[in-house]
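Chains as they are written, first to last, in our numbering: chain X, 1 to 121; chain P, 122 to 261.
Inspection log for the structure reproduced underneath, given as structure tokens.
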Amino acid sequence: MTQTNPTQRVVVGAHYGLRDWLAQRVTAALMTLFTLLVLVQVLLTPGPITYGVWAGIFAAGWMKFFIFAEVVALIYHVWVGMRDIWMDYVKPQGVRLGLHALTMVWLAGCAGWTLQVLWRI
Amino acid sequence: MTTNRKTFRNINALTDLPSYRLPAAGWVSILHRISGAVMFILLPFILWIFDRSLTSELSYEGLTASFAQGMGVVPGAALKLVALVLLWAFLHHLFAGVRHLIMDATHRVTKGFGRSSAQATLVLSLALTALLGAKLFGLY
Numbered sequence: 001m002t003q004t005n006p007t008q009r010v011v012v013g014a015h016y017g018l019r020d021w022l023a024q025r026v027t028a029a030l031m032t033l034f035t036l037l038v039l040v041q042v043l044l045t046p047g048p049i050t051y052g053v054w055a056g057i058f059a060a061g062w063m064k065f066f067i068f069a070e071v072v073a074l075i076y077h078v079w080v081g082m083r084d085i086w087m088d089y090v091k092p093q094g095v096r097l098g099l100h101a102l103t104m105v106w107l108a109g110c111a112g113w114t115l116q117v118l119w120r121i
Numbered sequence: 122m123t124t125n126r127k128t129f130r131n132i133n134a135l136t137d138l139p140s141y142r143l144p145a146a147g148w149v150s151i152l153h154r155i156s157g158a159v160m161f162i163l164l165p166f167i168l169w170i171f172d173r174s175l176t177s178e179l180s181y182e183g184l185t186a187s188f189a190q191g192m193g194v195v196p197g198a199a200l201k202l203v204a205l206v207l208l209w210a211f212l213h214h215l216f217a218g219v220r221h222l223i224m225d226a227t228h229r230v231t232k233g234f235g236r237s238s239a240q241a242t243l244v245l246s247l248a249l250t251a252l253l254g255a256k257l258f259g260l261y
């Protein structure tokens, strides 16, 4: 019989089967493509990379569209990765819950900062 | 016939790990994790660079000057060193990730491919880090 007593569930576990495993790969592929997208634009620029060239890359409307998706992908990817690290090395559930919460705050703050920079250009 | 090799059960980080010989794939794996954690911790540093490089022409020049001449008590070389660590972390994480994707997509999960692809990951990421690091520190 499977243990189904709800009071014994690990609340700071992953709750995952295939979903996060797949999400980790889809977000990774997206970030790889995005890296190439920026890299190609930098490499195809003749002459030095001035502020105008650099900001121009991120100011394009279609780039902003992709960077937003990129930021969401990055945050989800980092969340899954960091949660796995906490789950592997931190066994007391209370401490782990605290670290999970800190990770979320850290990532949410960083995502907000990125979007502020992005939407200011 | 069985050989009398030392076996490890419930390895201890302090007494067993120093003598524990990791195969190339093992190094790629633990470094994949470490490089990810490094980038997570240094996210604000990355964003600080991103912010200053894009906000204005003035902040862009200020950032360039920080890396060249330093910023307050922090020497420029220290900023470059952190950037170099991030560069390695990104490259290693990227190549190790692509290695996973190739294995997932092609089902090439033999011991031989695991070994050779792990070696390729280590060589590629370290070589590119050295190449870009030399550029970062103005060697060419």
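The beta-carbon is built from N, C-alpha and C at its ideal position, and this holds for glycine as well.
- Residue-level contact check: X:I121 touches chain P, since one or more beta carbons of chain P fall below 7 Å from its beta carbon.
- Residue range G61 to Y89 is occupied by the alpha helix (DSSP H) that includes X:M87.
- For P:T231, there is no enclosing alpha helix (DSSP H), as DSSP gives it neither H nor E.
- P:Y141 is the residue among P:Y141, P:L135 and P:A134 whose C-alpha sits nearest the C-alpha of P:R126.
- In this structure, the straight-line span from the alpha carbon of P:F234 to that of P:A146 is close to 10 Å.
- Inter-segment contact for the segment 211 to 221 of chain P and the segment 172 to 192 of chain P is absent: fewer than three beta-carbon pairs are separated by less than 8 Å.
- Note: X:M104 is not bridge-paired with any residue in the DSSP secondary-structure output.
- DSSP places P:V195 within a strand segment (E or B) once states are collapsed to three.
- Neighbours of X:R96 across chain P, judged by C-beta separation under 8 Å, do not exist; the nearest C-beta is about 15 Å away.
- The residues R173, in chain order, have a CB closer than 7 Å to that of P:S180 in the same chain once the five nearest residues on each side in sequence are set aside.
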